[in-house]
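Asks:
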Amino acid sequence: MSETAPFVSTKNPWVAFLLSVLFPGLGHLYVENRLAALIYGAMGAGVWISCYSSDSMLTRTAVLLILPFVVIPAARDAFDTASGKKKPVTGGESKLYVIWMLCCVGPFALPLLWRNKKFSLTVKIIWTVVVMAVVIFFFAFIEWAGEISHDFLGI
84 MSETAPFVST KNPWVAFLLS VLFPGLGHLY VENRLAALIY GAMGAGVWIS CYSSDSMLTR
144 TAVLLILPFV VIPAARDAFD TASGKKKPVT GGESKLYVIW MLCCVGPFAL PLLWRNKKFS
204 LTVKIIWTVV VMAVVIFFFA FIEWAGEISH DFLGI
């Protein structure tokens with residue numbers, strides 16, 4: 084199907100909405116929009132993985148505060164797609180939203196960046212490099228901090 088062709092769905096918009104509330108991307112799978120399901124699913128997975136991979140309650144709480152910024156747009160998009168209000172093409176999100184998601188869920192939001200038509204190729208490459216560098220730095224720092232705490236504190 085071309086990106087300009089109108090999308091007609093026979094799926095129930097409320098079912099799509101509720102599935103996306105349960106887990107971002109499920110509503111898009113329901114309306115057979117695999118690309119959006121992958122994008123929103125990756126962002127939702129990023130939030131949940133970040134939440135459960137932390138031992139700190141403060142970090143978990145902070146990460147869970149990001150969840151509405153993934154769930155609400157995913158549910159709205161799934162509802163709109165199922166009701167025929169929009170084409171099943173993700174890529175029209177505002178630049179601010181995409182940057183926010185990159186900052187919140189890191190590499191899990193990269194598909195959202197690359198699908199967005201509002202960013203130039205150069206900017207997409209720069210954001211990808213920056214996000215991946217931050218992730219690598221973060222994991223290196225965590226490893227280093229673990230070694231330091233083990234050496235000095237015996238933990």
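Be aware that the sequence shown starts at 84, since it is given in my numbering, and climbs by one per residue. Glycine is no exception: its CB is placed at the ideal position from the N, C-alpha and C atoms.
1. Residues in the same chain with beta-carbon distance under 7 Å from Leu193, minus the five sequence neighbours each way, listed in chain order, please.
2. How would you label Thr164, buried or exposed, when you count the other beta carbons within 10 angstroms and need 16 or more for buried?
3. Using the Cα positions of Gly108 and Ala128, report the straight-line distance between them to the nearest angstrom.
4. For Asp138, does the count of other Cβ atoms within 10 angstroms reach 16, so buried, or fall short, so exposed?
5. Can you tell me the Cα-Cα spacing of Asn199 and Gly124, whole angstroms?
6. Is the Cβ-Cβ distance between Ser103 and Val154 less than 8 Å?
7. With 16 other CB atoms within 10 Å as the buried threshold, where does Ala228 fall?
8. With distances taken from CA atoms, which of Lys201, Gly189, Val114, Val130 is nearest Phe220?
9. Alpha helix (DSSP H) containing Pro107: first to last residue?
10. Using the C-alpha atoms, what's the distance from Ala216 back to Leu105?
Replies: On the basis of the supplied data:
1. Numbered from its first residue, the sequence shown carries residue 193 at position 110. Closer than 7 Å at Cβ, skipping near neighbours: Thr211, Val214.
2. Here residue 164 refers to the residue found at position 81 when the sequence shown is read from its first residue. Its Cβ being crowded by 16 or more others within 10 Å, Thr164 is buried.
3. Within the sequence shown, residue 108 is the residue found at index 25, counting from 1. Within the sequence shown, residue 128 is the residue found at index 45, counting from 1. Going by the C-alpha atoms only, they are around 10 Å apart.
4. For this step, residue 138 is matched to residue 55 along the sequence shown. Result: exposed.
5. Taking the first residue of the sequence shown as 1, we reach residue 199 at position 116. Taking the first residue of the sequence shown as 1, we reach residue 124 at position 41. Going from the Cα of Asn199 to the Cα of Gly124 covers about 16 Å.
6. By one-based count along the sequence shown, residue 103 stands at place 20. By one-based count along the sequence shown, residue 154 stands at place 71. Yes, the pair counts as a contact, with Cβ atoms nearer than the cut-off.
7. Here residue 228 refers to the residue found at position 145 of the sequence shown. It is exposed - the Cβ of Ala228 has fewer than 16 other Cβ atoms within 10 Å.
8. Stepping through the sequence shown from its first residue, residue 220 is reached at position 137. Of the candidates Lys201, Gly189, Val114, Val130, the one whose C-alpha sits nearest the C-alpha of Phe220 is Gly189.
9. Position 24 of the sequence shown holds residue 107. Looking at the DSSP string, Pro107 is not in any alpha helix (DSSP H), and its letter there is neither H nor E.
10. Numbered from 1 along the sequence shown, position 22 holds the residue referred to as residue 105. Numbered from 1 along the sequence shown, position 133 holds the residue referred to as residue 216. Spanning the two alpha carbons is a distance of roughly 31 Å.
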